[in-house]
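This report concerns only the one structure given below.
Number of protein chains: 4
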Amino acid sequence: MKARSEPALSLGSLDETELLDLEGRYCSWGDTVHYAKQLNFFTEAKGSYLYDRKGTGYLDLQMWYSAANFGYRNERLNTALKRQIDTLPQLACQYLHEERVLLAAKLAQRIEQSLGVKGRIHFNVGGASAVEDAMKIVRNHTGRNHSFAFMGGYHGRTLGATAITSSYRYREHYGHFSDRANFIPYPYCFRCHLDKKPETCGLACLRQFEKLFESEYYSVVNPKNNQSEYGAFFIEPVQATGGYIVPPFTYFKELKKVLDRYGILLVADEIQMGFFRTGKFMAIEHFDVVPDVIVFGKAMTNGLNPISGIWAREELITPELFPPGSTHSTFSSNTLGTAVALEALKMMEEGDYENLVNEKGAYFLAGLRKLQTRYPGIIGNVDGLGLALRLEVCKADGITPDRELVDRIFAEGLSGTLVARGRNYGLVLDIGGYYKNVITIAPSFTITQEEMDLGFDLLDQLFQRCIEK
Amino acid sequence: MKARSEPALSLGSLDETELLDLEGRYCSWGDTVHYAKQLNFFTEAKGSYLYDRKGTGYLDLQMWYSAANFGYRNERLNTALKRQIDTLPQLACQYLHEERVLLAAKLAQRIEQSLGVKGRIHFNVGGASAVEDAMKIVRNHTGRNHSFAFMGGYHGRTLGATAITSSYRYREHYGHFSDRANFIPYPYCFRCHLDKKPETCGLACLRQFEKLFESEYYSVVNPKNNQSEYGAFFIEPVQATGGYIVPPFTYFKELKKVLDRYGILLVADEIQMGFFRTGKFMAIEHFDVVPDVIVFGKAMTNGLNPISGIWAREELITPELFPPGSTHSTFSSNTLGTAVALEALKMMEEGDYENLVNEKGAYFLAGLRKLQTRYPGIIGNVDGLGLALRLEVCKADGITPDRELVDRIFAEGLSGTLVARGRNYGLVLDIGGYYKNVITIAPSFTITQEEMDLGFDLLDQLFQRCIEK
Amino acid sequence: MKARSEPALSLGSLDETELLDLEGRYCSWGDTVHYAKQLNFFTEAKGSYLYDRKGTGYLDLQMWYSAANFGYRNERLNTALKRQIDTLPQLACQYLHEERVLLAAKLAQRIEQSLGVKGRIHFNVGGASAVEDAMKIVRNHTGRNHSFAFMGGYHGRTLGATAITSSYRYREHYGHFSDRANFIPYPYCFRCHLDKKPETCGLACLRQFEKLFESEYYSVVNPKNNQSEYGAFFIEPVQATGGYIVPPFTYFKELKKVLDRYGILLVADEIQMGFFRTGKFMAIEHFDVVPDVIVFGKAMTNGLNPISGIWAREELITPELFPPGSTHSTFSSNTLGTAVALEALKMMEEGDYENLVNEKGAYFLAGLRKLQTRYPGIIGNVDGLGLALRLEVCKADGITPDRELVDRIFAEGLSGTLVARGRNYGLVLDIGGYYKNVITIAPSFTITQEEMDLGFDLLDQLFQRCIEK
Amino acid sequence: MKARSEPALSLGSLDETELLDLEGRYCSWGDTVHYAKQLNFFTEAKGSYLYDRKGTGYLDLQMWYSAANFGYRNERLNTALKRQIDTLPQLACQYLHEERVLLAAKLAQRIEQSLGVKGRIHFNVGGASAVEDAMKIVRNHTGRNHSFAFMGGYHGRTLGATAITSSYRYREHYGHFSDRANFIPYPYCFRCHLDKKPETCGLACLRQFEKLFESEYYSVVNPKNNQSEYGAFFIEPVQATGGYIVPPFTYFKELKKVLDRYGILLVADEIQMGFFRTGKFMAIEHFDVVPDVIVFGKAMTNGLNPISGIWAREELITPELFPPGSTHSTFSSNTLGTAVALEALKMMEEGDYENLVNEKGAYFLAGLRKLQTRYPGIIGNVDGLGLALRLEVCKADGITPDRELVDRIFAEGLSGTLVARGRNYGLVLDIGGYYKNVITIAPSFTITQEEMDLGFDLLDQLFQRCIEK
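Protein chains in written order, with the working numbering: chain A, 1 to 469; chain B, 470 to 938; chain C, 939 to 1407; chain D, 1408 to 1876.
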């Protein structure tokens, strides 16, 4: 059946053309690889850089959507992983191992310190699966399937997570979603849904939401008994895929007051922003509010293992309410993932990441603002929290999204043909936003000032090249 | 907030009592750990053994539910993992790396060789997420949310996978399941749903299913146009959690004939049985039938990474039908997972696992049958395919499930107090079955004859000890 | 816009061709009129007869699917209707009128007498809407959306009722049904789902159902706490559209025992069989079982008003549990409907309909059996309860459904060309059954022996004419 | 079982106390009767009046929520009903009768004249069932279950209609609603959701809705192909239960433009406002827009029969798309209902109801405005279209809803103790609105100027009495 000319599939024996031919025949194109027209192979990573087969370095300003916060091939974490490989690399998750317990304890204690509330940790693999665990906690406690979530929000691509993820494109081909969330406008002040200014709006969008609870005819509550049709509001404290949008600092606190009146839980999805991306252990800590459930993943192993998890307030997750067998998965608390995460937590304890991230973030934001002055209008908005930064690309009017320009910048960055300090460079960016016109920036926490300066230089080159086109 | 006496959470500094105290306070009990009354910590694994903190070896006859088929701490696979850690341990899955392409090509070519059909591979992490990807393929192609699945079947614990997983207990606390499958009796001949004998039944259970399509009033089809309400039938070729049940060898072929008449897809969930557990690369190969989608995971990295995936027939997954952005996840084709899986595939190519598994399986089955003669009635049924073996524990009548006895055997095996060859041993078993009275056995492919003999000895001891109780 | 030749739309001015032309342009064909190729207009009705525009009488053996049990244009009931028209023909249902209260009291007392259980009446219009009220009672009490219902069962065509109606054809074009029932084989002994004989089966089909509750893996229950995924089982005590199928007399009593164990309610849909069609006030009274909810409609006004209703056990429908505003509809307890129904109830009290129906039923059944002997095989099955009778038409083998023959018989009956006693006659029949090969017979309770004899004669003629074709 | 003292249940033999005792024991309290503390029995109706058992007349300003538009006990319509009773009072709806065809033709022609579009009529009984038929048309055509509907909107109480009815209270106890509509703020300018003024808002609420289609992240559309998650927008052209709210006259035309871009159908629910309540045959005719489906009921028989129906554009309801068997109900095109409706249509053709209703409406509105000047603030808003009028009762600030006052007015009106012209009167009102503080007024089309003046007088008395309390 296999044609005679089929190449031997051994590492290092095929060139990129041959590999791409195989990719075209045997790989699903259903993931995000083929968003790009030009496909890039990478062979090595270190610190803030990816390297292609020719050895060209690509400065990465996105770090796997914030999964590799501590730098690619981080020595300390790699060592922790190898140590576990050499002792207990496999163990069915129905048995215990020390790292698992210590990791859960460390996470819960850390959150208790920040938020003042006791809770427990439940592990899983992959962010979406942890989101589904949060849904189980909510349904178990409230008995309700319906949820609020934000326009612009992203929570994963399992069917359950898709139901609370705003993009209709993600649901379009997959039948009827019976638990489709009620999507509420996010406080995205640069493009205010109500055409207000944040200085004077008085959180008008929140008041709009609050108004829904005034009468049964607004569809969400029975004001006679304050019973609501909704079990939870799923939020990203800083919207990630939506374009690294930082909300007004009082928003969530006010939101929680509304939700509490009706027994609606607040679930904070910290998968992308957790573990110091925004300069706090969890991004929600910026907002003076205690969520009921926190979902985390990505950076907890610096990308070395898909382990994820949730924290829930004790009263939602006691052994009585959430008893043995409530949910599980084969790899949920796997030994490799817990070992690396435990080491990562220790690193976070030992280093002052709050300061580090905020200082580097301030420097980076300043650089972006400077860049903005060179491209007025075109860089319509620059903002950020910690090392989660945004640069919104517009037409000359400073507001109309310019998706085409961002697409060219993205592709050109990946061409590896930028030049600085006498060498070729690539620049790895990510595109987000409601109109796919936002460059979302999440550099490694290990990025140096020199690398940031290089980043500004390369960004500048990209704007120059691509605007001219 | 943290009480003064809170212990330092560093590796190796706490004894089991202290760890259990932390576990009791900070860990969710919602997974399967607390099914057991006595909790076991393990610290090392090698080959067919797990080791506890005292150094006692536990012969593992379940190998992480068939995730660690090639033995714990397999040298070759561990080395492959470390090699990747040292080069490209992280890479956003929207970019390509060589191992990913080679792995997909190898998998698709291997399946094409066995089944004669072209297809493509889509990766994800965790079995349930891959099951959800299969659901997306089905919904996209058929436009239908409703599915058939088997009583006794297990496909995972995300909300979508739970809807097609038979156990109601998994859905009980999580609200309304709008896509709940229509569950059909599995051909579990030892406990025939129709009280027939397999020798003479003429696949009566399949005829029952087929009958549903005779009239619109049987609820599933419009016979005027052969349109059905169902998009797919999700099967496990050998039911796993259901108790390692091997169906009649003609069953699935006949089933597929029925499904094809109505455009209902056949999805084979090979998460537990794939990669030679039953003596074939995929278990479905035993049954002379070509499924439309195959889901795999667990053993593909020997448990070193949660990577999973689906294979779908080309016509269901072409780039036109399943275009870029159809679905994705952060860790889907992660470099660590693909690298180990690629090495594992090479091992499977180089070794003759079909023979190896069948020979060891035959030896193990013979041993179990011998054991059965010592406990007539009590061991009501012994069966197996390759190294997927079952031992169904009953009351003296040979049929009434004896869950209590199995529970005692399981716990006693984990007590680490069995004695053989002058040493203490533990025995790691797993319990499955509709009545939780089946010992499901999945030894390492590296198990030796000596180890199997030890296993028979330990099992015998357990039956003796526990029946006497 | 209206073409000049458009006819004036006044009563009596158009011939059938012109009317059919209008019908072809302005009427939806989506209902059941166009099942027939030849369309019949009727202009008058009296007793057991419909009359067409030419004055030909059609003996009606179906009486509007048992809605006009007391004969067309029943003097007494028509008079009651007119009396109400002349006093209080309209009244918003939020106000009270005497007939409404008396009717509810009479119904509830009558059911209490038969079943020994107190309950209340809630009115609505149209059978399907009453079925939906029953669903509300069930959901309110059990908190569960999922239901069991029977293959072959019919409960109406609102979306909710369609979800528990077996025919997939009714759902096919209307999207995803999230509350689709779990359809269980009805005890249709002539075509036993399990190929058993009723004399020896030991209610095998019921045992099959009961078995589903033995293990959580059969998908419907958590045996640890007896919680089920299902809130109710919706039944027709004698399946109507399914082909007037009378179940074994012990079936429902045994079924209820199973349901009670798991808190699953039994809802008896008596819309077609209620009000003495089967010789009892409610058909369920034959079966020595007390349902939790009864749904009724059709014959309660002899077809003069669509009023319908439910009876529910007191503990399911107390004002506390089902408080004001739980549900309503504009015409629910309308004055015209309640007035006629009250008179009909009085008629049922005053006449001995149990005897009357059973005697006429016995005579009719004997006539059908005699007819069967003239067409052996072809009349495969004859059965009945009271005046609900069935005649199943088969191929010569006595079992293969012969839908074509039944279609010819039906059409020929409506041709109005049968001849008896020197005059032309038509015969109005109805077709039911899983294979649309059952003549379901529901004569008027006022039918005379002479009319029944005429019916046998006409049926005989039809078989002769149509078999010869 | 029945206690000896149980009264004989014959008409006229019981006093109100005895009747209320029966009502308390045998009637469900789940409908709207027990919203009131004091229950009223009525025994006769004529013209604009209801009469209680003592003979007191109650001027009815609500006419059964606009079901009895042509006056209670309208001679002409009663006669038409009796004529049908005496000829063909019953006929299975699968056969044809002349009135049915003529009625459909008249309705479709009338709508074609107004809207310029061909269509067909499909009958049912009860408004909610017709709404469900509209849902079937939508799902069949678009393949989508999800709908938009308005906050404040009401479409019925079957489960399907409840899913698109705004009040959460109606869903609260009935489980999960998988097809719950996405509820959009209605243009209720007196209480603008966006705190704008209608003179200057530029239809801001519509622009808010339109904005949802700008990006996939607003959750409802894929802008790449203009596919939307929604099949239809269900509207009431003048919101009825919501408080007889008249929208800006350009609103629906602009809305339809948005919907058309995405293939979303517009369904106009005219159940309460159709048949000249607002001065047009259908209320939608005021708004210069052609809906895709119209739902009607209530007044089409002046409340003498629950017949209802839908009109759909030809291309949505051709026999090919909506073939025989698509849906039906026993009483759908019943002879009594069609006969009365046909006569009612003739009345509407013969009389100039557009003028009549507008003139009486203008007089009534003027009277209400005058009343408003006497209770400034307290009568916060008066508005109307034709004879659909509203009077919104507020606190002295002119905006805060005063539900308690309205409740007292309503109850006092029903006490029958108002005095005018030397006699006792009652006044029948209805309460609507998001905050249940709106008196919704729908007088009979036969109301005289004298009766209207009496109405103003009685209303004035009520305000005086009840404000003083």
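Here a beta-carbon is modelled for each residue, glycine too, at the ideal position from N, C-alpha and C.
Neighbouring residues, chain B, relative to residue i (Cβ below 8 Å)
i, result
"Met-135(A)", "Leu-628 and Tyr-643"
"Ile-487(A)", "Outside the shown range of chain A, which is 1 to 469, sits residue 487(A), and nothing can be said about it."
Cβ neighbour criterion (16 or more within 10 Å) applied to residue i
i, result
"Val-1747(D)", "buried"
"Ala-1773(D)", "exposed"
"Thr-373(A)", "exposed"
"Phe-463(A)", "buried"
"Gly-748(B)", "buried"
"Gly-855(B)", "buried"
Residue i versus residue j: straight-line alpha-carbon distance, rounded
i, j, result
"Ile-164(A)", "Glu-270(A)", "15 Å"
"Ala-1415(D)", "Glu-1192(C)", "37 Å"
"Ala-299(A)", "Ala-92(A)", "23 Å"
"Met-151(A)", "Phe-1852(D)", "48 Å"
"Pro-485(A)", "Cys-205(A)", "Residue 485(A) is absent from the model: chain A starts at 1 and stops at 469."
"Tyr-470(A)", "Phe-276(A)", "Any property of residue 470(A) remains undetermined from this structure, which presents chain A solely from 1 to 469."
"Ser-1267(C)", "Ala-1043(C)", "20 Å"
"Ser-1554(D)", "Ser-166(A)", "17 Å"
"Ile-1317(C)", "Arg-139(A)", "55 Å"
Per-residue contacts from residue i into chain D (C-beta, under 9 Å)
i, result
"His-146(A)", "His-1583, Phe-1584 and Arg-1587"
Proximal residues of chain A, C-beta to C-beta of residue i below 7 Å
i, result
"Gly-1559(D)", "Tyr-217"
"Arg-1578(D)", "Glu-229"
"Ile-633(B)", "What Ile-633(B) touches in chain A: nothing, since even the nearest Cβ is about 11 Å away."
Proximal residues of chain C, C-beta to C-beta of residue i below 8 Å
i, result
"Asn-1485(D)", "Ile-1023, Asp-1024 and Pro-1027"
Contacts that residue i makes with chain B (C-beta to C-beta distance below 9 Å)
i, result
"Gly-1180(C)", "Tyr-686"
Under 7 Å from the C-beta of residue i: neighbouring residues of chain B
i, result
"Tyr-1106(C)", "Glu-685, Ser-688, Val-689, Val-690, Asn-691 and Glu-698"
Presumed contact (8 Å Cβ cut-off) between residue i and residue j, rounded CB distance
i, j, result
"Val-1196(C)", "Asp-1230(C)", "Not confirmed; about 14 Å, so no contact."
Neighbour list for residue i in chain C, Cβ cutoff strictly below 7 Å
i, result
"Tyr-731(B)", "None at all; the shortest Cβ gap to chain C is about 11 Å."
Within chain D, partners of residue i - CB distance below 7 Å
i, result
"Ala-1006(C)", "Gln-1497"
Amino acids of chain A, ordered along the chain, whose beta-carbon sits closer than 9 Å to that of residue i
i, result
"Tyr-541(B)", "Leu-88, Pro-89, Gln-90 and Leu-91"
Chain B contacts from the stretch 1149-1165 of chain C (Cβ-Cβ distance under 9 Å): Lys-1149, Leu-1150, Glu-1152, Ser-1153, Glu-1154, Tyr-1155, Tyr-1156, Ser-1157, Val-1158, Val-1159, Asn-1160, Pro-1161, Lys-1162, Asn-1163 and Gln-1165
Chain D contacts made by the stretch 952-972 of chain C, where a contact means CB separation under 7 Å: Leu-957, Leu-960, Glu-961, Tyr-964, Cys-965, Ser-966, Trp-967, Gly-968, Asp-969, Thr-970, Val-971 and His-972
Positions along the stretch 1038-1049 of chain C whose CB lies within less than 9 Å of some CB in chain D: Arg-1038, Val-1039, Leu-1040, Leu-1041, Ala-1042, Ala-1043, Lys-1044, Leu-1045, Ala-1046 and Gln-1047
Under 9 Å (Cβ pairs) to chain B, residues found in the stretch 358-384 of chain A: none
The stretch 1372-1401 of chain C: positions lying closer than 8 Å to chain B by Cβ: Tyr-1372 and Tyr-1373
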